[in-house]
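The sequence shown begins at 1449 in the numbering used here and counts up by one.
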Amino acid sequence: MVIPAIDKKKKPELASQISRDGSKIYKLDKNGSKLGEINLSGPGGQSLAWADQYFWVGGEKLYKYDMNGNIVGQIYAAAVGNWALTWDGKYLWTIQRTCEGWNDPKIYKIEIKNDGILK
């Protein structure tokens, strides 16, 4: 189902948003009151996807964080210009461009085989 727009007054249970300041992710209630925050140990991004007890943040790479804000995994992004992330229970999906100067957004389906951090 594609929802072109959400009228927050009519469907508040569907409204959601993320906000960050580069180092924190803020959790807000439906009225905009701050419920909490997560301090990120690494880079923030412009997209976020919840995946089980973790969440992925899009940036130059795709970073996997635990609920304490620690990076516990990372993979290279499929392309540049990450706009959106979502997790379907098996795959991470992202919308990205193949080149920064091109207006050619593509949807990528990513199978996570090894997201461990090499030391």
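Glycine residues also receive a C-beta, built at the ideal position from the N, C-alpha and C atoms.
Within a 10 Å sphere around the beta-carbon of L1533 sit 16 or more other beta-carbons, which makes this residue buried. Counting only runs of 3 or more residues that sit fully inside the region 1476-1554, the beta strand (DSSP E) segments are 1482-1487, 1495-1499, 1502-1506, 1509-1513, 1519-1524, 1528-1535 and 1539-1545, in chain order. In the DSSP assignment, the residues bridged to K1472 are N1487.
Nearest C-alpha to Q1494 among S1471, D1552 and G1521: S1471. In this structure, T1542 is the residue among K1482, T1542 and E1485 with its C-alpha nearest to the C-alpha of Y1511. In the displayed model, I1558 falls within a strand according to three-state DSSP.
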